[in-house]
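In the numbering used here, the protein residues as written are 15 to 239. Note that CB positions come from ideal geometry on N, CA and C, so glycine has one too.
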Amino acid sequence: MQGPPLPPGGLKSPQTPAEETKPPAEQTLEEQHLTIEPESDSEHAECTAALRALGVAFKDTPRIDDGNGCGIDKPIIVSEALPGIALKPEATIRCPAALALARWLKDSVIPAASAALPEQGRLTTVNQATSYMCRLRNGAETGKISEHARGNAIDIASFHFEKGEDVAVRSRREDPTLTGAFQRTVSAAGCIYFTTVLDPESDAAHETHFHLDVMERKGGYRYCH
């Protein structure tokens, strides 16, 4: 006895629905399967030579691998951003970020402070809030990896001068004083040296510091706010 006719194309085996892939904005750090970006020996040597020429105090430290793409292939620890200018606490970052910081301080921050705040005396300390840290952007549970997790970023909270005064980074868009002018000037100048500059006017997550990073983007694009 013949059974019912087969459907066109014959019998088909049951199919398992494809596993859904979350969009990047909804993925945790673990779900993104990221890796640490390698750094060439020659580029690192060239960068550290430039740091030494500027007088930056730093030391090499072993490769950092905290998993999930967090880490630095060739990390350095910076204790003085420039001669006589302490970086507190010491910052663990990649060399290109340290070099951008040194050049920004030398060419923009120090001249701006001398012009706007001469009564404060010499800049002696740059107080940083975050350097290397394994996390997503803004400490969120899902979304893109932070440039802090790759050693590309540093957050600057305040500048300390020899006369004992701290100039804190805070909202100063409407500040009519020379301190306000100083902060707005160095924030704008940061975009010459860094590819990302977020200041207290950008959003609530950055209301107490500058976020500065050297993230590489297509076409040399920079994001400064």
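Are T209 and E230 closer than 8 Å when you measure CB to CB? As a first step, residue 209 is located in the sequence shown; it is residue number 195 there, counting from the start. As a first step, residue 230 is located in the sequence shown; it is residue number 216 there, counting from the start. Yes; because the gap between Cβ atoms is below 8 Å, this pair is in contact.
A64 versus T193 - alpha carbon distance: Counted from its first residue, the sequence shown places residue 64 at position 50. Counted from its first residue, the sequence shown places residue 193 at position 179. Taking the straight line joining both Cα atoms gives about 31 Å.
Could you give the DSSP three-state label for S128: helix, strand or coil? The sequence position of residue 128 within the sequence shown is 114, counting from 1. Residue state, collapsed to three classes: helix.
Nearest by alpha-carbon distance to F224: which of A171, K158 and I78 is it? Along the sequence shown, one-based indexing puts residue 224 at 210. Comparing Cα-Cα distances from F224 to each of A171, K158 and I78, the minimum goes to A171.
Secondary structure, beta strand (DSSP E): runs of 3+ residues fully inside the region 75-124: 78-81, 84-86, 89-96 and 99-108
Near A114, which residues of its chain fall below 6 Å by C-beta distance, leaving aside the five closest residues on each side in sequence? As a working note, residue 114 is residue 100 in the sequence shown. These residues qualify, in order along the chain: Y207, F208 and V228.
Taking its Cβ as the centre, do 16 or more other Cβ atoms sit within 10 Å of L226, making it buried, or is it exposed? Counting from 1 along the sequence shown, the entry for residue 226 is found at position 212. The residue in question, L226, is buried, as its Cβ has 16 or more Cβ neighbours within 10 Å.
Distance between R187 and Q197 (C-alpha atoms, nearest Å): Start at 1 with the first residue of the sequence shown, and residue 197 comes out as number 183. Start at 1 with the first residue of the sequence shown, and residue 187 comes out as number 173. Their backbone Cα atoms lie some 9 Å apart in a straight line.
Report back the beta-carbon spacing between A167 and E176 to the nearest angstrom; my notes put them in contact at under 8 Å. Walking along the sequence shown from the start, residue 167 turns up at place 153. Walking along the sequence shown from the start, residue 176 turns up at place 162. Actually they are not in contact, since the Cβ atoms of A167 and E176 sit about 28 Å apart, beyond 8 Å.
With a threshold of 8 Å between beta carbons, is H220 in contact with chain C? This model lacks chain C altogether, as it is built from one protein chain only.
Closest by C-alpha distance to M105, when choosing among C84, P97 and F72: What you label residue 105 is simply residue 91 of the sequence shown in a count that begins at 1. Here the sequence assigns Ala to residue 105, which means Met is not the residue at that position. Checked all of C84, P97 and F72; the closest Cα to A105 is F72.
Hey, could you find the ends of the beta strand (DSSP E) T138 is sitting in? Here residue 138 refers to the residue found at position 124 when the sequence shown is read from its first residue. Start and end: L137 to T144.
CB-CB under 7 Å to V183, same chain, minus the five flanking residues each way: which ones, in chain order? In the sequence shown, the residue the question calls residue 183 occupies position 169. Excluding positions up to five away in sequence, the list reads I170, A171, S172, Q197, P214, T222, H223 and F224.
Should T144 and I99 be called a contact, given that it needs their Cβ atoms to be closer than 8 Å? Here the question's residue 144 lines up with position 130 in the sequence shown. Here the question's residue 99 lines up with position 85 in the sequence shown. It is not a contact, given that the beta carbons lie outside the stated cut-off.
What does DSSP give as the partner residues of I159 in its beta bridges? Here residue 159 corresponds to residue number 145 of the sequence shown, with the count starting at 1. I159 pairs with L150.
Considering Cα atoms alone, identify which of L96, A111 and V211 is closest to L236. What you label residue 236 is simply residue 222 of the sequence shown in a count that begins at 1. The displayed chain sequence assigns Arg, not Leu, to residue 236. If we check each option's Cα against that of R236, V211 comes out closest.
So for T210, helix, strand or coil by DSSP? Start at 1 with the first residue of the sequence shown, and residue 210 comes out as number 196. If DSSP states are grouped into helix, strand and coil, T210 belongs with the strands.
Per DSSP, which one or two residues make a beta bridge with H174? Your numbering for residue 174 matches position 160 in the sequence shown. BP columns for H174 point to T139 and D180.
Within its chain, find whatever has a CB closer than 7 Å to the CB of P52; leave out the 5 residues flanking it on each side and keep chain order. One-based indexing of the sequence shown puts residue 52 at position 38. Cβ neighbours of P52 beyond the five flanking positions: D87.
Terminal residues of the beta strand (DSSP E) in which I226 lies: As a first step, residue 226 must be located in the sequence shown, where it is residue number 212. Position check: residue 226 holds Leu in this sequence, whereas Ile was assumed. Run containing L226: F224 to D227, per the beta strand (DSSP E) assignment.
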